[in-house]
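Enquirer: A single structure is presented below for examination.
Numbering (UniProt numbering), first residue to last: 1 to 386.
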């Protein structure tokens, strides 16, 4: 539903609180006047822009987590968890800072940082601004929704805000474009498994000899992970396999093209043989993209929104340095991966491997990126055909 629909279902008490948040001047006893005044205020671009500009970073992260999902409703517990995830440990860091050293003459107690609003307080604040609404009857009254038209306006307002901070350039003299290569290398992997006996180690990974032979066949060359490197969270055998190959292997296993047998062998399935005989389809790129989102969304909790922002902001060549300035504050560190590494290696580089993004080198501005036509089609949902 849109904002006007949700306002019409709201009671006069909630309408009064929303009107108060926007300082509407109207008859507070008239539901119709309250609704019209609220719609009039919220429809102004400067009002929404000013509100977003004055938001704290953690509240912006919370808002961002609600903007790109297809789901329409959220439980209170889900919203509370999202608010907590949006804080990235800043509250803990603030409370553990060492107090200033006292001088002999000073008897003042160290000033403690103010207590942050609780997650429920943030949710109530969003309700009072007309950004979140409860359901109105039945089981749905315990669920929350964001008005669809407000979602669109939030996305557009934030897009303009982010774009102002980005540095766009001309096409670089050199760039990498891997459209179609991942699908071709899936065929190489299946071909190798079909024609070779591939025994597995007790932990389920391949012996290095077989793995290296597979990697040598790939259209995109990758090195084996360095010995002793901390690698986990991005796939079943991510500690043994390079990033791109790890994704490809897990996808093939998930799609039922290969199987790890109980007696320790890797074998190709009937579905894998069928895939080996057929050319790649346009929809396979969509399936790979969706599988990547599913695999990476646990370590990168706001992966979906980050991908959509790259799609919205990289229609032209843009520097990675300026993308970092905008998006690193929205990325939560994952163990040994800091926000910079997650943006470059887990997001931009993998989007290139998926054929969604080109990555180039500008002699003046450094590394730059741009969406591909195929990437735009995948993100916009216009890919068709099997």
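By construction, the Cβ of each residue, glycine as well, lies at the ideal position given by its N, Cα and C atoms.
Return the first residue and the last residue of the alpha helix (DSSP H) that residue 260 is part of.
Expert: If you number the chain shown from 1, residue 260 lands on position 260. No alpha helix (DSSP H) contains residue 260, which is instead part of the beta strand (DSSP E) from 258–260.
Enquirer: Using the C-alpha atoms, what's the distance from residue 186 back to residue 92?
Expert: Along the chain shown, read from residue 1 onward, the residue named residue 92 stands at position 92. Along the chain shown, read from residue 1 onward, the residue named residue 186 stands at position 186. For residue 92, the predicted structure reports a pLDDT of 44, less than 50, and the residue's modelled location is therefore unreliable. A value from the coordinates is still provided. Taking the straight line from one Cα to the other gives about 45 angstroms.
Enquirer: Based on Cα-Cα distance, which residue from 345, 306 and 179 lies nearest to residue 355?
Expert: Residue mapping note: residue 355 aligns to position 355 of the chain shown, counting from 1. Measuring from the Cα of residue 355, the nearest candidate turns out to be 179.
Enquirer: Going by the DSSP bridge assignment, what does residue 198 pair with across the sheet?
Expert: Position 198 of the chain shown, counting from 1, holds the residue named residue 198. Answer by DSSP bridge pairing, in chain order: 266.
Enquirer: Going residue by residue through the region 256–333, where are the continuous alpha helix (DSSP H) segments of at least 4 residues, counting only ones entirely within it?
Expert: Whole alpha helix (DSSP H) segments, 4+ residues: 270–277, 282–296, 303–313 and 320–327.
Enquirer: From the DSSP output, in three-state form, read off residue 3 for me.
Expert: Walking along the chain shown from the start, residue 3 turns up at place 3. Reduced to three states, the DSSP call for residue 3 is helix.
Enquirer: To the nearest angstrom, how far is it from the Cα of residue 258 to the Cα of residue 240?
Expert: For the purposes of this step, residue 258 is taken as residue 258 along the chain shown, with counting starting at 1. For the purposes of this step, residue 240 is taken as residue 240 along the chain shown, with counting starting at 1. When rounded, the distance between both Cα atoms is 18 angstroms.
Enquirer: For the alpha helix (DSSP H) holding residue 206, just list the boundary residues, first then last.
Expert: On the chain shown, residue 206 is found 206 positions in, with the first residue counted as 1. Run containing residue 206: none; DSSP gives neither H nor E here.
Enquirer: Is it buried or exposed for residue 147, if we count other Cβ within 10 angstroms and need 16 for buried?
Expert: In the chain shown, the residue the question calls residue 147 occupies position 147. Burial call: buried.
Enquirer: Is residue 365 closer than 8 angstroms to residue 167 when the C-beta atoms are compared?
Expert: Taking the chain shown and counting its residues from 1, the one referred to as residue 167 is at position 167. Taking the chain shown and counting its residues from 1, the one referred to as residue 365 is at position 365. It is a contact, given that the beta carbons lie within the stated cut-off.
Enquirer: What number of angstroms, rounded off, separates the C-alpha of residue 330 from the C-alpha of residue 301?
Expert: Within the chain shown, the letter at position 330 stands for residue 330. Within the chain shown, the letter at position 301 stands for residue 301. Distance between the alpha carbons of residue 330 and residue 301 is about 10 angstroms.
Enquirer: Would you list, in sequence order, the uninterrupted alpha helix (DSSP H) runs of no fewer than 4 residues that lie entirely inside the region 345–384?
Expert: As far as the region 345–384 is concerned, its whole alpha helix (DSSP H) runs of at least 4 residues are 349–353 and 373–380.
Enquirer: Taking only three categories from DSSP, how would you classify residue 176?
Expert: Numbered from 1 along the chain shown, position 176 holds the residue referred to as residue 176. Residue state, collapsed to three classes: strand.
Enquirer: On the criterion of 16 or more Cβ atoms from any shown chain inside 10 Å, does residue 5 qualify as buried, or is it exposed?
Expert: On the chain shown, residue 5 is found 5 positions in, with the first residue counted as 1. Exposed: under 16 other Cβ atoms inside 10 Å.
Enquirer: Look at the alpha carbon of residue 68 and the alpha carbon of residue 196, and state the distance between them as a whole number of angstroms.
Expert: Taking the chain shown and counting its residues from 1, one reaches residue 68 at position 68. Taking the chain shown and counting its residues from 1, one reaches residue 196 at position 196. Cα-Cα distance, rounded: 44 angstroms.
Enquirer: Which residue's Cα is closest to the Cα of residue 332: 22, 74 and 88?
Expert: In the chain shown, counting from the first residue as 1, residue 332 sits at position 332. Answer by Cα proximity: 88.
Enquirer: With DSSP as the reference, label residue 224 as helix, strand or coil.
Expert: By 1-based counting over the chain shown, the position of residue 224 is 224. It is coil, neither helix nor strand.
Enquirer: Determine the DSSP secondary structure at residue 148, reduced to helix, strand or coil.
Expert: For this step, residue 148 is matched to residue 148 along the chain shown. Helix, per DSSP.
Enquirer: Hey, would you say residue 402 sits closer than 8 angstroms to residue 82, going by beta carbons?
Expert: The structure shown does not extend to residue 402, since the chain spans only 1 to 386, so no value can be given for it.
Enquirer: Give a yes or no on whether 8 angstroms exceeds the smallest Cβ distance from residue 186 to chain B.
Expert: Included in the structure is just one protein chain, with no chain B present.
Enquirer: Taking the alpha-carbon of residue 256 as reference, which of 233, 247, 271 and 248 has the nearest alpha-carbon?
Expert: Taking the first residue of the chain shown as 1, we reach residue 256 at position 256. Considering only alpha carbons, the answer is 271.
Enquirer: For residue 319, is the classification buried or exposed, using 16 other Cβ atoms within 10 angstroms of its Cβ as the cut-off for buried?
Expert: Here residue 319 refers to the residue found at position 319 of the chain shown. Per the 10 Å Cβ criterion, buried.
Enquirer: Starting from residue 248, trace the alpha helix (DSSP H) in both directions and tell me its first and last residue.
Expert: Position 248 of the chain shown, counted from the start, is the residue given in the question as residue 248. 243–254 is the span of the alpha helix (DSSP H), which, as asked, contains residue 248.
Enquirer: Between which residues of its own chain and residue 75 is the CB-CB distance below 8 angstroms, once the five residues before and five after are set aside?
Expert: On the chain shown, residue 75 is found 75 positions in, with the first residue counted as 1. So the qualifying residues of the chain are 142, 143 and 144.
Enquirer: Residue 327: buried (16+ other C-beta within 10 angstroms of its C-beta) or exposed?
Expert: Counted from its first residue, the chain shown places residue 327 at position 327. Under this definition residue 327 is a buried residue.
Enquirer: Residue range of the alpha helix (DSSP H) that residue 119 falls in?
Expert: For the purposes of this step, residue 119 is taken as residue 119 along the chain shown, with counting starting at 1. That run of the alpha helix (DSSP H) goes 119–128.
Enquirer: Are there 16 or more other CB atoms within 10 angstroms of the CB of residue 235, so buried, or fewer, so exposed?
Expert: Position 235 of the chain shown, counting from 1, holds the residue named residue 235. So residue 235 ends up on the buried side.
Enquirer: Would you check if the region 17–27 and the region 152–170 touch, i.e. whether three or more CB-CB distances between them fall below 8 angstroms?
Expert: No: fewer than three Cβ pairs fall under 8 angstroms.
Enquirer: How about residue 15 and residue 35: do their beta carbons lie closer than 8 angstroms?
Expert: On the chain shown, residue 15 is found 15 positions in, with the first residue counted as 1. On the chain shown, residue 35 is found 35 positions in, with the first residue counted as 1. In contact: residue 15 and residue 35 (Cβ atoms closer than 8 angstroms).
Enquirer: What does the alpha-carbon distance come out to for the pair residue 388 and residue 184?
Expert: Outside the modelled stretch of the chain, which goes from 1 to 386, sits residue 388, for which no answer is possible.
Enquirer: Within the chosen definition, does the region 344–364 reach the region 283–300 through at least 3 CB pairs nearer than 8 angstroms?
Expert: The region 344–364, when compared against the region 283–300, does touch it at the 8 angstroms Cβ threshold.
Enquirer: On the three-state DSSP scale, how would you describe residue 32?
Expert: Position 32 of the chain shown, counted from the start, is the residue given in the question as residue 32. DSSP places residue 32 in helix when its eight states are reduced to three.
Enquirer: According to DSSP, is residue 70 part of a helix, a strand, or is it coil?
Expert: Your numbering for residue 70 matches position 70 in the chain shown. In this structure, residue 70 counts as coil in the three-state DSSP scheme.
Enquirer: Take every Cβ of the region 259–267, pair it with every Cβ of the region 194–208, and state whether three or more of those distances are shorter than 8 angstroms.
Expert: Touching, yes, given that three or more Cβ pairs across the two stretches are closer than 8 angstroms.
Enquirer: By DSSP, does residue 154 sit in helix, in strand, or in coil?
Expert: Indexing the chain shown from 1 puts residue 154 at position 154. In the structure shown, residue 154 sits in a helix (DSSP, three-state: H, G or I).
Enquirer: Taking DSSP as the reference, what is the three-state secondary structure of residue 65?
Expert: Here residue 65 is taken as the residue at index 65 of the chain shown, counted from 1. Residue 65 falls in the coil class under three-state DSSP.
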